[in-house]
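Take a look at the structure set out below.
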Amino acid sequence: MVDVERRRALAGLLCAGAAGLGGFAPSSPVAAAPASARTARATVAAGPRPPASLLGDEIRRLPTSRKVLALTFNAAWDVAGIDTVLAELRRRKLPATFFPTGEFAEARPAAVRSIADAGHGLGNHSYSHPYFDDLSTAERADEVRAADEAIRTAAGTEPLPFFRFPYSSTTPDAIADVNDLGYAAIEFSADTNGYLGPQGGMTVDKAVERAVDAFAPGAIIQMHVGSNGADVVLDAEALPLIVDAAVADGYEVIDLRQFLVAAPGTR
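Just so we're aligned, residue 5 is where the sequence shown starts under my numbering, counting upward by one.
Printed below as a string of structure tokens:
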């Protein structure tokens, strides 16, 4: 379950999420937590959290019937596409949610800070990107908490209570463990596979096609900011084409933060 310190910091995020379709705002700044934050702390919920509709299972489509979709980006190795992605989102005035690993946040703190400074939400993609089905409950908690600490330290903001499993490798037990830590398991409707790059047989057109084929109310599109060993970041090049296709089809890009709800007894 989520600790007091984390829930208090999350309180500021509800306002950002409430902006909803009208825009998005940066997460609230918080002081970096001490190294001891990687150990278990007292747990009392007191702030925005995932609603029941986002708990109990992996989320591959958001619970809505409206023609809206969410853009998400994983970050686990290099930063080759971040500037291009952030520039395009800024030009379009669109929100996205980024899921860095803890190791990425420690190795590339300036990149994580630039995401937060641009006003985008930061989810949790584990610390070292292991297969969670190979871990014990305690090991899963260590991965999530270590990533939370690293992301918070790099960004200067509180990460969102959204977790994305490495390799999208989920199990009921692992989802329950993540939920118990206060996180919704946010997966995706489609991965563009742009991270494979040209060397993996992917092209911009193929990446766009995979995204467009998944368009549906509440769709979650997964992309990556890294180049996977090459200088060509297909997802960065595909992003404007994906957005154009979404707008042409009557979809609106929304911020995952608007799905946070207040804890019982709070205002």
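Here a beta-carbon is modelled for each residue, glycine too, at the ideal position from N, C-alpha and C.
Roughly how many angstroms lie between the CA atoms of residue i and residue j, to the nearest whole one?
i, j, result
"E62", "A142", "20 Å"
"P104", "A252", "30 Å"
"W81", "G186", "26 Å"
"A145", "V257", "32 Å"
"A154", "N128", "10 Å"
"G85", "S132", "21 Å"
"E92", "D152", "27 Å"
"R261", "D239", "23 Å"
"A220", "F136", "29 Å"
"T101", "L75", "7 Å"
"P134", "V229", "19 Å"
"N78", "K210", "19 Å"
"P67", "F167", "17 Å"
"E107", "S69", "36 Å"
"G222", "V89", "22 Å"
"D138", "S57", "27 Å"
"R95", "D87", "12 Å"
"A122", "A189", "24 Å"
"A180", "F169", "12 Å"
"R140", "H124", "Before going further, note that residue 140 is Ser rather than Arg in the sequence given. Using only the alpha carbons, I get a separation of about 31 Å."
"V247", "L126", "20 Å"
"P176", "A158", "31 Å"
"P165", "A109", "17 Å"
If I measure Cβ to Cβ from residue i and keep anything under 6 Å in the same chain, skipping five residues before and after, which residues do I get?
i, result
"N183", "L59"
"A39", "Per-residue confidence for A39 stands at a pLDDT of 37, beneath the threshold of 50, marking its modelled position as unreliable; the derived number appears in the next sentence. Cβ neighbours of A39 beyond the five flanking positions: none."
"S172", "E191"
"V216", "A249"
"T174", "E62"
"V83", "R112 and A115"
"E290", "The question about residue 290 has no answer here: the residues shown for the chain are numbered 5 through 271."
With respect to the alpha helix (DSSP H) encompassing residue i, which residues constitute its N-terminal and C-terminal limits?
i, result
"A154", "T141 to A159"
"A178", "P176 to D184"
"E62", "Segment: none, E62 is in no alpha helix (DSSP H) and carries neither H nor E."
"P244", "L238 to A252"
"A211", "V208 to D217"
"I86", "I86 to R96"
Return the bridge partner residues of residue i from the DSSP annotation.
i, result
"T76", "T101 and Q226"
"E110", "Paired residue(s): none; E110 is not in a bridge."
"A53", "With the sequence shown as reference, residue 53 is identified as Arg, and Ala is not the correct amino acid for it. BP columns for R53 point to V265."
"L126", "F102"
"D195", "Q226"
"V3", "Lying before the first or after the last residue shown, residue 3 is absent from the chain, which here runs from 5 to 271."
"F169", "Paired residue(s): none; F169 is not in a bridge."
"A189", "F167"
Ignore the nearest five residues each way along the sequence and tell me which others in residue i's own chain have a CB closer than 7 Å to its CB.
i, result
"Y255", "K71, V72, L73 and F219"
"P55", "F263 and V265"
"S231", "D82, A84, G85, G201 and V237"
Only counting the same chain, and skipping five residues up and downstream in sequence, which positions put a Cβ closer than 8 Å to that of residue i?
i, result
"L245", "V208 and V212"
"N197", "G204, M206, K210, A211 and R214"
"A242", "T196, G198, V208, A211, V212, A215 and M227"
"V236", "G201 and P202"
"R65", "S193, A220, P221, G222, A223 and I224"
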